[in-house]
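Structure record follows, encoded as structure tokens.
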Amino acid sequence: MSVWGALAGGFAGTLVLTTTLRTANELRLTRIDLPFLLGTALTADRTRAKAAGYVLHFVFGLLFALVYYAIFRAIGHDGWWLGAVFGAVHGLFAATALVNILLPLVHPRMGSPLTRAGTVALLEPPGFLMLNYGLQTPLANLLAHIAYGTIVGGFVSLAG
Amino acid sequence: MEAAPARRVDGYAPLRDYAVIGDGRTVALVARDGSIDWLPLPYLDSATAFAAILDRDRGGSFQLEPDEPYAVERRYLPETNVLETSFRTAGGAVRVTDALTLDGGGLAPFAELQRRVDGLAGRVPLRWRVEPRFGYGGAAVGFGRRLEHPVATAGSDALGLVTFDAGEVEERQSGWNGRFEATAGSSALLALTYAHLEPLVFPARGELDARLEQTNATWRRWARARVYDGPWREQVIRSALALKLLVFAPSGAIAAAATTSLPEEIGGKRNWDYRYSWIRDSAFTIAAFLRLGCAAEAEAYFWWLMHATQLTAPRLHVLYRLDGGIRTPEQELPLDGYRGSRPVNIGNGAAEQLQLDTYGELLQTAWLYAAAGHRIDPDVGRRLAGLADFVCEHWREPDSGIWEVRSDPVHFTQSKMMCAVALDRACALAGRGLVPRRRLDAWRAEAAAARQFVETNCWSEEKRSYVRFAGGDELDASVLLAVLHEYADARDERMRATVDAIARGLASGPFVRRYTGEDGVPGSEGAFLACSFWLVEAFARGGRHDEAAELMAQLLALRNDVGLYSEEIDPASGEFLGNLPQGLTHLALISAAVALAEETG
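Line order of the protein sequences matches chains A and B.
Its first residue numbered 1, the first sequence is counted upward by one per residue in the numbering used here.
Its first residue numbered 1001, the second sequence is counted upward by one per residue in the numbering used here.
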């Protein structure tokens, strides 16, 4: 079990997660775009938002991999299957709380139940399970996060 | 501008009643009664969100009009593609400003349609209804609300409606309705925002106002940068602005028109998808861009041409998708069609025809581009030489011709003329060292042979004209292109006689038919407007300036209230027919105006 394995897994896992969601996009299954959601918290410029969003997304991917690593260490177990379970929990957390409730509260351009008449454009909030972005969004999101967790768990185990 | 009531026949506005707005990626058609009846999203060649022009019941539209009898007049804001519609009722007056907005700061939606309603006098009750449909009216649409804004979703596409002072939004029968009253000095706003593969953006009023202002300023800046200051400047610049809406900004390609399947005959079957880029139009397009000082557009278009044709070189497809792709299979949509004109087609089956004239047009394009001082790199030069070699090998074959007939291929005169032009231009480019010279002698010999073929087989002493195809006796207005693309001088005896024959045999007043004889498609069609402008240019180049100016004046009187043309006009009723706005018509207008300006100095 090594922290470098976790970081490598975090990078590869984020790559796969992003690609999976993008593919679901192109297959017309969902309108979710995590780099766009993250980047527009920093800038209203679409091009810069996407670029910054990708960087932020990878940073978060690495941070979550470190959290996975800390839990693996704490419980003394790791492996791709345990990573897959973590990924599923992570995906559910993202859809129900992280992106659904927490992101709108801190995102300066995303509407939340507390939003009042403003002067800036507002992004469409994701809604419960991010269903606002399409009926297949929860499934695509869950599968993408399971893939992420599996890769992080596998890399941590391999780097053991 | 003249205020008049708007009218509909069987629920369809006359095609003449449509104005166009756009953002360089897609366009919307706005009828005189304020209904937006056409809007493909996200791109001009995508499936539609509004297509009531092709099916009043299933297509979808965005209606906005006074709730009492009115007269209407319209204009574009000067030097812009922002439309202003003024409604006058017994109780007051109101002005609607429509735009698909351009970049303008802030977090803008993927695409944004703004409809701003300013009260001018008295009180005017207005009603509006949005019927968002996706997939040409065939997709399942989900309706809901986000942050109190109504939204409609289908797959990875979504439309949201943001309103300010435009009344309560009611959801009814798969659409949104509202009513409000405009009073002098009031300002309401309805903005339709679109998301493709991403969350929707709901703009604030301040950002919307700023973006509309910026959109106006951007269009004005573009129009003022055009260098033409000859006669009919206003109409030439309006044509340039219409063409700019057909330029697909992401690639530089130019669509032949903004619509599909608007009929060439009401109730007829001649209904085609024109949302592709035709090589046929390339020489006119590059010439217009260069003459109007659109160097950036010319460069983008030339590189798009070279990129798109690379996939099929040395053989050219007749048309390419706006992204440069070549697959354009024809498919019939389950829509009623404009006033019952079925089929409604998407895709275009003419793509894989052999049309030999396209080689002449592409090499003429390269020649004009190079002559204007633009660079042609060695790789492109080799491909142009490959085109010339292809012409040498194939010019003796029959083809489908510039008009894409669906009857059996024949030896069309205009195709052979353009083969000669292709080889002449290849020789000229080789003379400048821009294409390899290794087959120069063969190109010269084959150019002479093609000319010999035309002069021997395609000239009729009886008709005193070049005829439609070798050995025939039918007339074809496309042979006027021999003058425009410099196959022959307009003062040449045979050309002068041909211009006379076409003026006598195909023209009736300002209206010119494309040809006589069969083309393999049932039904008839109206007068083809581009041919009329070609006749103006042929008159002008032949020194017949008065005839040219008179015909030009008649043709300009045929434009609609905002200066646009479709493909054809019904000579009997003056109604527009075919897809609109039609790039070739506007290109021909610019070319004719420039020719007259040059000839009359």
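We put the beta carbon where it would ideally sit given N, CA and C, even for glycine.
Computed from a predicted structure; not experimentally measured.
Inset, instruction - State the CB to CB distance for the pair Pro1109 (chain B) and Leu1200 (chain B), rounded to an integer number of angstroms; the pair is presumed to be in contact (CB under 8 Å). - result: 7 Å
Legend entry - For Asn1177 (chain B), the residue or residues it bridges with in DSSP: B:Arg1129, B:Glu1170
Inset, instruction - Report yes or no: is there a C-beta of chain B within less than 8 Å of the C-beta of Arg48 (chain A)? - result: no
Inset, instruction - May I ask you to report which of helix, strand or coil DSSP gives Leu17 (chain A)? - result: helix
Inset, instruction - If I'm right that Gly1022 (chain B) touches Leu1245 (chain B) with Cβ under 8 Å, what's the distance once you round it to whole angstroms? - result: 4 Å
Inset, instruction - Name, please, each residue of chain C whose Cβ falls closer than 8 Å to the Cβ of Tyr54 (chain A). - result: The structure shown has no chain C; the protein chains it does contain are A and B.
Inset, instruction - Output yes or no for whether 8 Å exceeds the beta carbon distance between Leu1015 (chain B) and Glu1575 (chain B). - result: Taking 8 Å as the Cβ cut-off, Leu1015 (chain B) and Glu1575 (chain B) qualify as a contacting pair.
Inset, instruction - Give every residue of the same chain whose Cβ lies closer than 6 Å to the Cβ of Glu1446 (chain B), excluding the five residues on either side of it in the sequence, and list them in chain order. - result: Cys1392, Leu1423
Inset, instruction - Compare the Cα-Cα distances from Arg1173 (chain B) to each of B:Met1306, B:Phe1143, B:His1196 and report the closest residue. - result: A small correction: the amino acid at residue 1173 (chain B) is Gln; Arg does not occupy that position in the sequence shown. The option with the nearest alpha carbon to Gln1173 (chain B) is B:Phe1143.
Inset, instruction - Reducing DSSP to helix, strand and coil, say where Tyr1194 (chain B) ends up. - result: strand
Legend entry - Helix, strand or coil at Ile1254 (chain B) according to DSSP, with G and I counted as helix: Three-state DSSP puts Ile1254 (chain B) in a strand.
Inset, instruction - Indicate the three-state DSSP secondary structure (helix, strand or coil) for Thr1365 (chain B) in the structure shown. - result: Note: Thr1365 (chain B) maps to helix in three-state DSSP.
Legend entry - Residues near Gly39 (chain A) by beta carbon distance below 6 Å, same chain, minus five either side: Ala49, Lys50, Ala52, Gly53
Inset, instruction - Using a Cβ-Cβ cut-off of 8 Å, state whether Val106 (chain A) counts as contacting chain B. - result: no
Inset, instruction - Classify Asp1408 (chain B) as helix, strand or coil using the three-state DSSP reduction. - result: Three-state DSSP puts Asp1408 (chain B) in coil, outside helix and strand.
Inset, instruction - Would you kindly work out how many angstroms separate the C-alpha atoms of Asp33 (chain A) and Glu1171 (chain B), rounded to a whole number? - result: 28 Å
Inset, instruction - Tell me where the alpha helix (DSSP H) around Ala1538 (chain B) begins and ends. - result: 1529-1541
Inset, instruction - Output yes if chain A places a C-beta closer than 8 Å to the C-beta of Met1001 (chain B); else output no. - result: Here the model assigns Met1001 (chain B) a pLDDT of 49, short of 50, so the residue's position is not dependable and the matter cannot be decided.
Inset, instruction - Return no unless some Cβ of chain B is closer than 8 Å to the Cβ of Gly39 (chain A). - result: no
Inset, instruction - Could you list the residues in the segment 1183-1207 of chain B with a C-beta less than 7 Å from some C-beta on chain A, going in chain order? - result: Ala1195, Leu1197, Glu1198, Pro1199, Leu1200, Val1201, Phe1202, Pro1203, Ala1204, Gly1206, Glu1207
Inset, instruction - Out of B:Arg1224, B:His1586, B:Leu1041, state which residue places its alpha-carbon closest to the alpha-carbon of Ala1242 (chain B). - result: B:His1586
Inset, instruction - Output yes or no for whether 8 Å exceeds the beta carbon distance between Val1247 (chain B) and Leu1292 (chain B). - result: no
Legend entry - Partner residues on chain B for Tyr133 (chain A), Cβ-Cβ distance less than 8 Å: Pro1199
Legend entry - Residue(s) in a DSSP beta bridge with Leu1039 (chain B): Answer is B:Phe1050, bridged to Leu1039 (chain B).
Inset, instruction - Mind checking the segment 1081-1107 of chain B against chain A and listing, in chain order, the residues whose C-beta falls within less than 8 Å of any C-beta there? - result: Gly1105, Gly1106, Leu1107
Legend entry - Spatially closest choice to Thr18 (chain A) from A:Ile75, A:Leu158, A:Val106, A:Leu56, by CA coordinates: A:Leu56
Legend entry - Whole runs of the alpha helix (DSSP H) within the segment 1434-1477 of chain B, excluding any shorter than 4 residues: 1440-1457
Inset, instruction - Flag Thr31 (chain A) as yes if its beta-carbon sits less than 8 Å from any beta-carbon of chain B, otherwise no. - result: Before going on, a small fix: residue 31 (chain A) reads as Arg here, not Thr. Yes - at least one Cβ of chain B is within 8 Å of the one on Arg31 (chain A).
Inset, instruction - Starting from the Cα of His1485 (chain B), find the closest Cα among B:Arg1115, B:Thr1358, B:Leu1384 and give me that residue. - result: B:Thr1358
Legend entry - Arg1025 (chain B): contacting residues in chain A (beta-carbon distance under 9 Å): Going along chain A, no residue has its Cβ under 9 Å from Arg1025 (chain B), so there is no contact; the nearest lies around 14 Å.
Inset, instruction - Enumerate, from N- to C-terminal direction, the unbroken alpha helix (DSSP H) stretches of 4 or more residues contained entirely within the segment 1541-1596 of chain B. - result: Counting only runs of 4 or more, we get 1545-1556.
Legend entry - Extent of the continuous beta strand (DSSP E) to which Gln1063 (chain B) belongs: 1062-1066
Inset, instruction - For Gly1155 (chain B), go through chain A and note every residue whose CB falls closer than 8 Å to its CB, in chain order. - result: Arg28, Leu29, Gly134
Legend entry - First and last residue of the uninterrupted beta strand (DSSP E) at Ser1400 (chain B): Neither: Ser1400 (chain B) is in no beta strand (DSSP E) and is coded neither H nor E.
Legend entry - Chain-ordered chain A contacts of Leu1147 (chain B) [CB-CB under 8 Å]: Gly111, Thr115, Leu122, Glu124, Pro125
Legend entry - Same chain, Cβ closer than 8 Å to Phe1050 (chain B), five either side skipped, listed in chain order: Contacts found: Ala1028, Ile1036, Asp1037, Trp1038, Leu1039, Gly1059, Gly1060, Ser1061, Phe1062, Glu1131, Pro1132, Arg1133.
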